[in-house]
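Structure, as structure tokens:
Protein chains: 2
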Amino acid sequence: MKKFDVVVVGGSAAGLTAAITARRHYPDKSIAIVRQEQRVLVPCGIPYIFGTLGKPEMNLVPDAIHDKNRLDLVISEATGLDREKKVLQTSDGEIGYERLVIATGSRPAMPPVPGFDLEGVYAIVKDVSYLSKLQQHIEAAQNIVIIGGGFIGIEFADEINKLGGKRVHVVELLPHCLSLAYDEDFCIAMEEIIRSRGVELVTGVKVDRVLGEDRVTGVALGDGSKIDADLVILGIGSVANIDLAKQAGLRIGLTGGLAVDLAMKTSDDSIFACGDCAEKISFFGGRPSPLKLASIAAQEARVAGANLYGLRRESPGIVGAWATAVGETAIATAGLTEEMATRHGYDFVSVEIGGVNRHPGGMPGAVDMRLKAVFERKSGVLLGGQVMGDQAVGELVNVISSCVQNRMRADDIAMFAISTHPALTASPIAYHLVNAAEMAIEKM
Amino acid sequence: MKKFDVVVVGGSAAGLTAAITARRHYPDKSIAIVRQEQRVLVPCGIPYIFGTLGKPEMNLVPDAIHDKNRLDLVISEATGLDREKKVLQTSDGEIGYERLVIATGSRPAMPPVPGFDLEGVYAIVKDVSYLSKLQQHIEAAQNIVIIGGGFIGIEFADEINKLGGKRVHVVELLPHCLSLAYDEDFCIAMEEIIRSRGVELVTGVKVDRVLGEDRVTGVALGDGSKIDADLVILGIGSVANIDLAKQAGLRIGLTGGLAVDLAMKTSDDSIFACGDCAEKISFFGGRPSPLKLASIAAQEARVAGANLYGLRRESPGIVGAWATAVGETAIATAGLTEEMATRHGYDFVSVEIGGVNRHPGGMPGAVDMRLKAVFERKSGVLLGGQVMGDQAVGELVNVISSCVQNRMRADDIAMFAISTHPALTASPIAYHLVNAAEMAIEKM
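Dropping the structure here:
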């Protein structure tokens, strides 16, 4: 029987980062990653395979990283777990461990909608050959319907639309696309951009069934209308892969993820979990959070990996920071939107501010940038921010995320030591985040 | 005699921001800006007049901002100050005040080098007609020598070089350009880029004199060599404009700026100061800081403006965060470099890390990004970071600045809630700042 000090099940954002972190913190331990995939896809890159990257093979996590970090790689399916004996069962035999990290990720949600089992209906499975098959089907298809208008749905739609000559629909149950991440005004602005690029958005309507005999021919909606389709892609969320954990009797959390404490330890002292398979706790109020993001997976993995042989870190909880881009426009969010803050029960002040992202406004790359910030009213603490503009928004949202994580107050942010430059940012006088803080103070 | 509750002397980054902040915090007060310029230039945009923007008139702060914030504008030179009577003397008469904000900025340093008074030698004066004259001269010139290889010198050189058909030299006293902002390796990388674009850099040598009878013909260097020149531009720093303050008997600080406390109050309880004319205190250790930046001016102005009728804010001190860009490459810094940390007396750990700014690496816009972070060894507190890469570096450095301002430790940064996206940032596994923190922990 093989044996390693540390065995990590899963080789994507969570598993790989947990193993690298373990290597950094425990240089003398033997560490193995057990994964079932021959090749691991960059999870967030999957939509970009179809328009920008060209094929799944262009979207792989480089395996050289294992050698660089002295990680053993075992390509095998984890089939069972004997916690008493500290043995992981795999399709190729048993592997002993001292510490186990479960990072088995998630799989697409498959609600029991009639027709979801027809040929020509694809979920987003993180598998190279599955996605190659999907790609061939996309290239041949004329009418493509994407069910779900969240990040993944929108990114798939825009990428497929880039191929040209296809009719692409997105069907979203909620009144607006992206509305689990942004307030309505930001969603509407983004919907306008997506539509202007030729994607058709159908919102506020449910999918009754996918039509067809053997193969999909269309989608029937709750309002009685139909959309022709020779290909349907489901982008409607994901569920934690907890079969291994469940079978081993580990505690499962309220949202269906593997229960963990702040150290990312499961109900077994030798077993940690991180990433999409693990239950998450919100940074705001400490309740379970349904968010699943690769960046959260990596964050949790850096906690789990450091704690394997002694607690060194406690997870601060899930802030929720993410971004997407359509064409030249990027949109990003960190922490709470107004709608989320209301739902959490905060008394808050919200400020929205526009203005050019360069100074003077005639500098190349100048676009109108829009930022909304939400502050708790009494304390002035920043709860979250949404921002839309050029590509630098991808890092600007990390400024917001940092302020949120540090529980900065509006008054602190008003004294933020900003770096500004004519060719790169808004002016120091007009810098959006700082001015939003000042305007929030006026309203408190 | 005119009288306002609040009179601000100076209408650039500091003065204008102080007035806007005063308006926000004191909605019922009358507020006037007294400035001598008909039109105010965006200070950091000045180099970009010559290549990118086309003329000084394309680089103005829009005056509409005064109406929008109910600010009276008095275009007049401040000539004296009667603190007893609370009266500002101007070239057009007296103006009474309850609170005065001195934001008179800085002027170019003019060391007593022989030939600096010749025709054809220009300093960077923030004046539209002066810069128009300089622009005409630049367009006619063949051989241009820029003395000083800091941000301004480099930006002027690159912009002038874009015009084509000119020989542009930068002469820098220190061994490397930009070395007051970056460690040597970053300076060298940036020098290579600047040189590759056709600008000639002469470093580690002093200017002995500017040659010529009436008009400049060349520059004689300390190593005995000469450079032909029909135009010389000085970018060798600036000195605080404190004539008004000095004449009024206000206390002056160690670095020659107007002395202020943490509230930005001068030695007179009714008079505040901010921006280039005000003495600065470092965030690190509290000693005077020689930095003068528009973003610092705006930060101080937000402290001064809020405190006019009751202390609401205290300046956290000068972190020092700024950026520049040459072609597609941006470079930025926040807080301390290794060299500065050594000078301050810190025991530190420094980590430098490279890697692509997209994921997967085949995404459009992918370039190798380089980040260096400096942590105090015992506490793990982040002291500063330097970063070089694409334009998003302009906001990424604000993430670093935020971490510095919040005195985040390497361990906190290892658990940073990052937003990542294939088209916008590095991957969550490889995100530079977080990995630099992890690597620093290994070295502590």
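Residue numbers (numbering that gives the first Met the number 0), protein chains in the order written: chain A, 0 to 443; chain B, 0 to 443. A virtual CB, placed ideally from N, CA and C, is assigned to each residue, including glycine. None of the values given here were measured: they were computed from a predicted structure.
Whether residue i touches residue j by CB criterion (8 Å)
i                     : j                     : result
residue 333 (chain B) : residue 403 (chain B) : yes
residue 97 (chain A)  : residue 314 (chain A) : no
residue 322 (chain B) : residue 400 (chain A) : no
residue 393 (chain B) : residue 424 (chain A) : yes
residue 100 (chain A) : residue 209 (chain A) : no
residue 105 (chain B) : residue 291 (chain B) : yes
residue 146 (chain B) : residue 170 (chain B) : yes
residue 78 (chain B)  : residue 276 (chain B) : no
residue 215 (chain A) : residue 138 (chain A) : no
residue 42 (chain A)  : residue 131 (chain A) : no
residue 25 (chain A)  : residue 307 (chain A) : yes
residue 135 (chain B) : residue 48 (chain B)  : no
residue 167 (chain A) : residue 228 (chain A) : no
Pick from the options that is closest to residue i, judged by C-alpha positions
i                     : options                    : result
residue 44 (chain A)  : A:127, A:101, A:17         : A:127
residue 75 (chain B)  : B:82, B:91, B:85, B:86     : B:91
residue 183 (chain B) : B:168, B:208, B:437, B:203 : B:203
residue 60 (chain B)  : B:40, B:354, B:174         : B:40
residue 422 (chain B) : B:436, B:348, B:391        : B:391
residue 114 (chain A) : A:188, A:218, A:181, A:151 : A:218
residue 66 (chain A)  : A:83, A:81, A:15, A:107    : A:15
residue 457 (chain B) : B:287, B:375, B:413        : Because chain B spans 0 through 443 in this model, residue 457 (chain B) falls outside it and cannot be assessed.
residue 351 (chain A) : A:25, A:185, A:108         : A:185
residue 50 (chain B)  : A:426, A:361, A:381        : A:361
residue 46 (chain A)  : A:363, A:223, A:154        : A:154
residue 174 (chain B) : B:163, B:187, B:168, B:162 : B:187
residue 380 (chain B) : B:53, B:443, B:94          : B:443
residue 444 (chain A) : A:239, A:436, A:84         : No statement about residue 444 (chain A) is possible, as the shown extent of chain A runs from 0 to 443 and does not include it.
residue 445 (chain A) : A:191, A:181, A:107        : Any answer about residue 445 (chain A) is impossible in this case: the structure gives chain A only from 0 up to 443.
residue 109 (chain A) : A:227, A:237, A:176, A:353 : A:237
residue 382 (chain A) : A:283, A:62, A:212         : A:283
residue 441 (chain A) : A:416, A:427, A:409, A:420 : A:409
residue 23 (chain B)  : B:416, B:389, B:303, B:378 : B:303
residue 243 (chain B) : B:156, B:339, B:8          : B:8
Residue i (DSSP reduced to helix, strand or coil)
i                     : result
residue 57 (chain A)  : helix
residue 346 (chain A) : coil
residue 302 (chain B) : helix
residue 17 (chain A)  : helix
residue 107 (chain B) : strand
residue 171 (chain B) : strand
residue 142 (chain B) : strand
residue 227 (chain B) : strand
residue 29 (chain A)  : coil
residue 120 (chain A) : strand
residue 247 (chain B) : coil
residue 198 (chain A) : coil
residue 289 (chain B) : coil
residue 2 (chain A)   : strand
residue 352 (chain A) : strand
residue 98 (chain B)  : strand
residue 185 (chain A) : helix
residue 335 (chain A) : coil
residue 265 (chain B) : coil
residue 440 (chain B) : helix
Cross-strand partners of residue i (DSSP beta bridge)
i                     : result
residue 387 (chain A) : A:330, A:369
residue 254 (chain B) : DSSP lists no partner for residue 254 (chain B).
residue 219 (chain B) : B:208, B:225
residue 395 (chain B) : Paired residues: none, contrary to the question.
residue 280 (chain A) : A:287
residue 93 (chain A)  : A:88
residue 73 (chain A)  : A:33
residue 317 (chain B) : B:281
Exercise. Does the pairing of the region 118-134 of chain A with the region 229-248 of chain A give three or more beta-carbon distances under 8 Å?
Worked result: yes
For this session: Check whether the region 63-82 of chain A touches the region 35-51 of chain A, counting contact only when three or more Cβ pairs, one atom from each stretch, lie closer than 8 Å.
Result: yes
Exercise. Between the region 362-381 of chain B and the region 337-347 of chain B, do at least 3 Cβ pairs fall closer than 8 Å?
Worked result: yes
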